[in-house]
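A.B. asks: These protein sequence lines map, in sequence, to chains A and B. Each residue of the first sequence is one higher than the one before, counting from 1 in UniProt numbering. Each residue of the second sequence is one higher than the one before, counting from 1 in UniProt numbering. Glycine residues also receive a C-beta, built at the ideal position from the N, C-alpha and C atoms.
2 protein chains.
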Amino acid sequence: MTETAQSPAGPDAVPVAGPAADGATPPTEQPLKVALLGCGVVGSEVARMLVDSADDFTARIGRPLELVGIGVRRAGVERPGIDSALFTTDTEALVRRGDVDLVIEVIGGIEPAKSLILTAMEHGASVVTANKALLAEAGTDLFSAAEAAGVDLYFEAAVAGAIPIIRPLRESLVGDEITAVMGIVNGTTNFILDKMHGQGTGYADALAEAQALGYAEADPTADVEGFDAAAKAAILAGLAFHSRVRGVEVHREGITEITRSDIASAKAMGCVVKLLAICELSGEGAEATINARVHPAMIPEDHPLASVGGAYNAVFVESKAAGRLMFYGPGAGGSPTASAVLGDLVTVARNRTRHTRGPGESTYAQRPVHSIGEVVTRYHLSLEVDDRAGVLAAIAQCFAEHEVSVQTLRQVASPGEDGEARLVVVTHPAKDAALAACVRALDELPAVHEVLSVMRVEGL
Amino acid sequence: MTETAQSPAGPDAVPVAGPAADGATPPTEQPLKVALLGCGVVGSEVARMLVDSADDFTARIGRPLELVGIGVRRAGVERPGIDSALFTTDTEALVRRGDVDLVIEVIGGIEPAKSLILTAMEHGASVVTANKALLAEAGTDLFSAAEAAGVDLYFEAAVAGAIPIIRPLRESLVGDEITAVMGIVNGTTNFILDKMHGQGTGYADALAEAQALGYAEADPTADVEGFDAAAKAAILAGLAFHSRVRGVEVHREGITEITRSDIASAKAMGCVVKLLAICELSGEGAEATINARVHPAMIPEDHPLASVGGAYNAVFVESKAAGRLMFYGPGAGGSPTASAVLGDLVTVARNRTRHTRGPGESTYAQRPVHSIGEVVTRYHLSLEVDDRAGVLAAIAQCFAEHEVSVQTLRQVASPGEDGEARLVVVTHPAKDAALAACVRALDELPAVHEVLSVMRVEGL
């Protein structure tokens with residue numbers, strides 16, 4: 001401001017209004033060029049917000065943004081509020097222009113997203129992506145390419161929609177030791193489980209309703225089989241534990257086999273069933289290993305995650321110094337995801353304006369991921385057994401032989417005409433491998449007609 | 001890695017382990033020098049964590065940190081696990097050394113903290129502080145000094161302890177329009193109100209218990225009169241609305257006048273009483289103004305903030321695109337606050353290593369703060385009135401004359417021997433100024449013996 005005060009306007013000159021007035025660098029007129037790849041639910045919201053709030057973006061970044069092109073699969077589709085001259089089906093040419101500063105990828109899936117991002121980086125653009133599947137599969141390639149090109153790769157929108165969770169893990173908690181991350185990170189399955197719990201709907205009907213409402217896709221595999229949540233768990237585990245974790249390293253069980261009887265069992269225990277993404281560090285210091293898993297689990301009704309309903313997401317983070325933190329908000333949808341994308345865009349644009357980069361990947365700890373067999377949790381088992389003397393003893397003996405300690409064992413249904421009884425067993429924490437061996441042995445016992453369900457119990 | 005492969009060790013050379021292996025810049029040996037100002041509950045935890053996790057800090061920053069001195073008021077006090085050679089009572093000399101890269105201020109209060117921070121910046125150090133009172137009073141001076149010196153000023157620990165809230169507001173949501181922030185940001189008052197609600201304890205006894213347990217200070221004014229929460233509200237409002245808001249601009253009411261009868265009234269309504277910090281934007285675009293206030297309020301028992309107990313904090317953020325987000329965690333304490341301080345320290349150290357700075361202050365919107373009189377909320381009033389015909393009509397008339405619309409009006413206690421009745425009135429949303437005028441008029445009504453309490457109702 002000293003120079004302004006000495007300008008020809010004299011010492012009483014009124015300071016320039018706007019950003020310059022609070023000591024920040026005045027906006028350079030040269031805009032930063034932005035290319036948008038994909039214009040579906042998220043992309044069209046991003047494009048509209050870039051136009052609607054252009055002045056705010058300029059003030060917050062210190063330079064204007066200019067949307068120079070939108071790569072789409074099909075030309076000629078009208079998007080209200082978006083200049084149709086921006087659309088191009090030659091997305092490859094868009095990322096090869098060489099004058100693009102910032103690329104936003106909201107196409108999803110592995111290809112062509114991966115090639116486009118790599119090409120964009122080679123041509124000097126920083127990238128903001130919402131693509132969890134790609135990051136979980138090929139994060140290593142992308143981060144290396146960003147490093148080699150000296151550009152940023154940001155991805156807040158890839159996990160838990162609008163909820164700020166990447167930046168808190170990558171930056172806010174970077175002076176602490178995170179020990180566990182546990183969350184509901186898939187809204188589709190959460191909606192289905194909610195329906196099953198609240199209205200007693202069966203899985204198939206709940207899925208059909210989710211599809212009718214647009215919460216589930218025609219092919220729901222990625223959601224209901226846990227692939228989407230596993231990709232997010234891989235990203236969270238990698239960030240939390242300064243290691244590389246790929247989607248395929250995450251143990252994954254979906255919700256397609258959850259029955260009304262499982263839900264009823266959970267209710268009888270004062271629990272709800274949720275699809276959880278869990279990342280934990282086991283052991284201390286250099287010996288510590290990671291477990292990352294996605295599976296349905298029973299959690300107590302008074303657990304904070306139990307009340308996370310519908311399409312909402314929530315993530316718990318536990319660390320040595322900070323203790324227990326929770327982050328909650330809309331987990332998907334055009335506007336919330338666009339909010340996360342644009343938060344990253346401003347950060348990356350600020351970095352570019354200052355000729356610098358964000359923190360990048362941190363994988364120095366290189367902790368291995370251990371197998372699901374080593375994971376220790378509690379289990380809830382439901383068994384159909386003979387209703388006669390000695391059966392309970394045989395079953396208890398089977399658990400003891402496999403070193404699975406039983407917390408409660410109770411008969412929940414009166415025997416039918418056929419002399420059957422239903423037993424519910426809740427174990428103390430046990431190794432997954434031990435429990436699996438125990439379940440196989442139970443299946444062999446003549447007194448056991450069927451092992452109806454086995455589900456983990458978390459959050460006790 | 002190409003160069004390594006061509007090194008004399010031959011093409012089969014094993015890649016170098018550690019950070020260099022994932023393509024990051026190998027750590028420069030020259031450490032970044034850190035000075036710590038204050039060694040109380042937070043400071044001693046920071047000092048210990050810096051030593052205990054030194055290798056992790058080096059890997060995460062890319063350069064080692066070296067704690068070069070700890071400024072304390074009294075020498076000779078032993079702090080377990082901290083090298084006593086680091087202590088100095090000449091804190092001024094510590095920040096004048098000129099070779100210090102990073103200064104952590106956890107002294108608290110206005111002076112000497114302010115002068116020490118300004119001196120440290122003038123001598124080229126970036127600063128991390130947990131000092132909400134100072135930021136709320138003299139933030140402008142500090143941010144200008146940081147800008148002039150080209151250094152960073154980070155302050156995640158100043159609001160809501162370990163909960164990442166500053167970075168989400170300053171960075172994650174910077175592409176969105178935040179419309180409201182509402183939170184429980186003072187653990188001491190939350191503990192006291194919890195006691196009053198849960199155990200029916202009176203204010204004085206609940207305060208004494210908080211003091212005995214170390215949750216409240218001997219002089220509890222800053223907490224119970226809402227000064228601490230008001231400073232935090234000022235910081236949150238400034239960040240959320242890209243404006244400057246000072247602590248004195250925040251309307252402030254403490255909890256010292258909350259009675260058992262207020263708590264009972266809240267319970268009767270299915271509510272709890274919480275001390276809330278609220279920052280809202282009223283109006284649209286360039287015309288929008290800010291209101292920032294701290295006061296006790298009744299909120300419904302099923303509101304997520306209602307179950308935030310004891311020394312925990314929680315902050316709700318509402319924005320146009322992201323919707324409703326919540327952040328929850330420990331609001332104070334040595335370790336949680338140290339976690340936030342050290343997250344900032346790593347970020348600031350990374351910036352310094354890359355010769356860059358973080359986003360700095362964003363106050364371009366320069367929105368004015370409007371007075372409490374303009375704020376629109378619901379109110380709960382408790383009145384002692386004559387128990388005779390015509391009284392209800394007179395009271396209803398008084399509300400109508402002041403344009404305060406009544407939602408419910410009910411008699412809660414049977415009349416005593418003296419012909420008195422107690423009335424509870426809950427209003428529809430009304431302007432604070434209108435309500436205040438109405439309360440003055442009610443006080444003048446011959447039929448009204450006393451206005452027992454007036455409390456805002458939020459979160460309906």
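#1: Going along chain A in order, which residues have a C-beta closer than 8 angstroms to the C-beta of G343(B)?
#2: Could you run through the region 309-331 of chain B and flag, in chain order, every residue whose CB is less than 7 angstroms away from some CB of chain A?
#3: Counting contacts by CB-CB distance shorter than 8 angstroms, is residue 489(A) in contact with chain B?
#4: Determine, for A59(A), whether the minimum Cβ-Cβ distance to residues of chain B falls below 8 angstroms.
#5: Just to confirm my understanding: we take S335(B), look at its own chain, exclude 5 residues before and 5 after, and list those with CB closer than 6 angstroms. What are they?
#6: By the three-class DSSP mapping on this structure, what secondary structure does E420(B) have?
#7: Would you say A162(B) faces chain A, with C-beta separation under 8 angstroms as the test?
#8: L345(A): buried (16+ other C-beta within 10 angstroms of its C-beta) or exposed?
#9: Helix, strand or coil for E225(A), going by three-state DSSP, please let me know.
#10: Mapping DSSP to helix, strand and coil, what is N131(A)?
#11: Contact defined as beta carbons within less than 8 angstroms: I believe T408(A) pairs with G238(A). What is the distance between those atoms, to the nearest angstrom?
#12: Excluding the 5 residues preceding and the 5 following G270(A) in the sequence, name in chain order all residues of the same chain whose CB lies nearer than 7 angstroms to its CB.
#13: By DSSP, does D22(A) sit in helix, in strand, or in coil?
#14: For G283(B), which residues from the same chain have a beta carbon less than 8 angstroms from its beta carbon, with the 5 sequence-adjacent residues on both sides left out?
#15: Answer yes or no: do E384(A) and L452(A) have a C-beta to C-beta separation smaller than 8 angstroms?
#16: What's the C-alpha gap between E92(B) and T221(B)?
#17: Beta-carbon within less than 6 angstroms of L442(A)'s beta-carbon, same chain only, minus the 5 sequence neighbours each way: which residues are those?
#18: Show which residues of chain A have a CB atom less than 9 angstroms away from the CB atom of R167(B).
#19: Distance, Cα to Cα, P359(B) vs G175(B)?
#20: In the DSSP assignment, what residue or residues form a beta bridge with D386(B)?
#21: In chain A, what lies closer than 8 angstroms to E156(B) by C-beta?
#22: Going by beta carbon distance, what residues of the same chain come within less than 8 angstroms of D22(B), once the five residues before and after it are set aside?
#23: How big is the Cα-Cα spacing for H123(B) and E177(B)?
#24: Would you kindly report the start and end of the unbroken beta strand (DSSP E) that includes R324(B)?
#25: Can you confirm whether P300(A), when its beta carbon is compared against all beta carbons of chain B, has any partner nearer than 8 angstroms?
#26: When you compare each of R73(A), E171(A), E78(A) and L342(A) to A340(B) by their alpha carbons, which one comes out closest?
#27: Helix, strand or coil for T179(A) per DSSP?
#28: From this set, P368(B), Y312(B) and E217(B), which residue's C-alpha is nearest R246(B)'s C-alpha?
#29: For T89(A), count neighbouring Cβ atoms within 10 angstroms of its own Cβ and tell me buried if that reaches 16, exposed if not.
#30: Step through the CB atoms of chain B and report whether any lies within less than 8 angstroms of the CB of V346(A).
#31: Does the beta-carbon distance from K33(A) to V128(A) come in below 8 angstroms?
#32: In three-state DSSP terms, what is E280(B)?
#33: Could you check the C-alpha separation between S144(A) and L118(A) for me, to the nearest Å?
#34: Suppose only complete runs of 4+ residues qualify. What are the alpha helix (DSSP H) ranges in the region 194-266 of chain B, listed by chain order?
#35: Roughly how far, in whole angstroms, is the beta-carbon of V250(B) from the beta-carbon of A234(B), given that I think they are within contact range, below 8 angstroms?
#36: Mind checking who Y379(A) pairs with in its DSSP beta bridge?
C.D. replies: Answer, in terms of the structure:
#1: Correct list: E171, S172, L173, V174, G175 and D176.
#2: Sequence-ordered contacts of the region 309-331 of chain B with chain A read S319, A321, A322, G323, R324, L325, M326, F327, Y328, G329 and P330 [C-beta pairs closer than 7 angstroms].
#3: Because chain A spans 1 through 460 in this model, residue 489(A) falls outside it and cannot be assessed.
#4: Taking a beta-carbon distance threshold of 8 angstroms, A59(A) counts as an interface residue toward chain B.
#5: Within the same chain, and ignoring the five residues on either side of S335(B) in sequence, the residues whose Cβ sits closer than 6 angstroms to its Cβ are E45.
#6: In the structure shown, E420(B) falls within a strand segment according to DSSP collapsed to helix, strand and coil.
#7: Output row for A162(B): interface = yes.
#8: By the 10 Å Cβ count, L345(A) comes out buried.
#9: Three-state DSSP puts E225(A) in coil, outside helix and strand.
#10: Here N131(A) carries a coil assignment [DSSP, helix/strand/coil].
#11: Your pair T408(A) and G238(A) does not check out as a contact, with CB atoms roughly 37 angstroms apart and the cut at 8 angstroms.
#12: Excluding positions up to five away in sequence, the list reads P300 and E301.
#13: Any answer about D22(A) is weak, because its pLDDT of 41 lies below 50 and its placement is not dependable; what the coordinates show is given next. For D22(A), the secondary structure class from DSSP, reduced to helix, strand or coil, is helix.
#14: Excluding five sequence positions before and after G283(B), the CB atoms of its chain that fall closer than 8 angstroms to its own CB belong to T289, given in chain order.
#15: Yes; because the gap between Cβ atoms is below 8 angstroms, this pair is in contact.
#16: Each residue's alpha carbon lies about 29 angstroms from the other.
#17: These residues qualify, in order along the chain: C398, V448 and V451.
#18: The answer, in chain order, is P164, R167, P168, E171 and S172.
#19: Each residue's alpha carbon lies about 13 angstroms from the other.
#20: Looking at the DSSP output, D386(B) sits in a beta bridge with E420(B).
#21: Around E156(B), the beta-carbon contacts reaching into chain A at under 8 angstroms are S172.
#22: Any reading at D22(B) needs caution, since the residue's pLDDT is 41, under 50, leaving its predicted position unreliable; the model's value is listed next. Annotation for D22(B): no residue places its beta carbon closer than 8 angstroms to its own, counting only its chain and skipping 5 residues before and after.
#23: Between the alpha carbons of H123(B) and E177(B) lies a gap of roughly 37 angstroms.
#24: Start and end: G323 to P330.
#25: Between P300(A) and chain B, the shortest Cβ-Cβ separation is not below 8 angstroms.
#26: Considering only alpha carbons, the answer is E171(A).
#27: In this structure, T179(A) counts as strand in the three-state DSSP scheme.
#28: Nearest of P368(B), Y312(B) and E217(B) to R246(B), Cα basis: P368(B).
#29: Exposed is the call here.
#30: With 8 angstroms as the cut-off, V346(A) counts as an interface residue toward chain B.
#31: No.
#32: If DSSP states are grouped into helix, strand and coil, E280(B) belongs with the strands.
#33: Rounded to the nearest angstrom, the two C-alpha atoms are 10 angstroms apart.
#34: Here the runs fully enclosed are 203-212, 221-224 and 227-241.
#35: Right, their Cβ atoms sit about 5 angstroms apart.
#36: According to DSSP, which records beta bridges pairwise, Y379(A) is partnered with R456(A).
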